[in-house]
Amino acid sequence: MFKVTSRVLLSEFLGTMFLLIGVIGSGIMAENLSPSDEGLQLLQNAFATTGVLIAIISIFNSISADFNPVVTISAWLLGHRNSYEVLPILVTQMAGACLGTVLANIMFDLDWFQVSEKARTGGNLWVAEVIATSGLLLIIFSLLRTNRLNQIPYVVGIYIGGAYYFTSSTSFANPAVSIGRMLSNSFAGIRPSSVPMFIFMQLIGMVIGISITSFLFPKNLQKTVSLRDS
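Here this note's numbering is used: the first residue of the sequence shown is 730, the next is one more, and so on.
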């Protein structure tokens with residue numbers, strides 16, 4: 730029977746946890762520092778998220794550094810992960826995301842468990858999630874299939890930081906992040922009723938992203954590389 734190693738699961742758990750600590754914590758801090766300036770809040774949030782992504786992907790990339798269910802599912806569909814790995818990793822990512830949000834709330838002396846009241850709905854936001862997610866996957870798997878894994882932390886971090894600004898949804902592009910952010914009634918939160926459509930659009934973006942990747946970077950023309958190879 731095939732099993733996912735504890736190192737892989739712990740890597741995914743810790744990485745996703747720190748990602749949410751970065752996203753939520755910086756959002757709360759930004760509200761505290763710049764309470765009347767949402768533009769500055771977004772800048773601070775984007776800058777912190779960029780830094781956290783670069784750090785956690787660099788640290789865990791030699792073990793497992795998806796931190797995102799659509800990345801894990803795409804890796805399986807594109808032949809870079811085994812099917813038996815997918816479900817345990819997804820569960821671990823969700824758990825890490827929720828714990829990361831709770832820890833961010835605790836750090837800033839807020840209620841441990843919150844429910845966000847920040848509505849994020851509308852066709853423009855849904856289209857933005859499709860674009861953000863498909864672009865993210867194209868970046869990751871184009872670099873993976875051209876043996877440039879050492880560039881992934883920086884390119885992904887910079888892309889997401891930029892996408893905070895060039896997408897109207899501020900680029901969630903991650904179902905685990907979307908679920909975790911429900912638990913913070915802060916600048917970075919999202920109302921639970923807004924989450925299902927965000928995740929649905931992220932899945933559409935996943936299909937588009939892996940389709941483009943498969944066409945531009947076909948596996949039979951590239952050396953097969955695992956997400957854990959370096």
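No residue lacks a Cβ here, since even glycine has one placed at the ideal position from N, Cα and C.
This structure is a prediction, so every number in the text was calculated from the model and none was measured.
| Query | Result |
| --- | --- |
| Residue 745 beta carbon less than 8 Å from that of residue 890 | no |
| Minimum C-alpha distance to residue 776 - residue among 918, 914, 888 and 909 | 888 |
| Exposure label - residue 795; buried when at least 16 CB within 10 Å | buried |
| Under 8 Å between C-beta atoms of residue 742 and residue 830 | no |
| Reduced DSSP category for residue 851 - H, G, I as helix; E, B as strand; rest coil | coil |
| Exposure label - residue 736; buried when at least 16 CB within 10 Å | exposed |
| Residue 870 to residue 734 span [Cα, whole Å] | 23 Å |
| Contact check, residue 761 vs residue 843, beta carbons under 8 Å | no |
| Residue 904 and residue 786 closer than 8 Å at C-beta | no |
| Check whether residue 910 and residue 917 have beta carbons under 8 Å apart | yes |
| Segment contact, 8 Å Cβ cut-off, at least three pairs: the stretch 792 to 811 with the stretch 750 to 766 | no |
| Beta-carbon spacing of residue 880, residue 867 below 8 Å | no |
| Alpha helix (DSSP H) segment containing residue 904, residue limits | 904 to 909 |
| Own chain partners of residue 859 with C-beta closer than 6 Å, once the 5 adjacent residues on each side are dropped | 930, 933 and 934 |
| For residue 794, the three-state DSSP class (helix, strand or coil) | coil |
| Sequence-distant residues of the same chain with beta carbon closer than 6 Å to residue 946, five excluded per side | 871 and 874 |
| Test item: CB-CB of residue 942 and residue 807 under 8 Å | yes |
| Contacting residues, own chain, Cβ-Cβ under 6 Å from residue 857 (five flanking each side not counted) | 896, 897 and 898 |
| Buried/exposed call for residue 834, threshold 16 Cβ in 10 Å | buried |
| Cβ neighbour criterion (16 or more within 10 Å) applied to residue 767 | exposed |
| Where residue 761 sits in the DSSP three-state scheme | helix |
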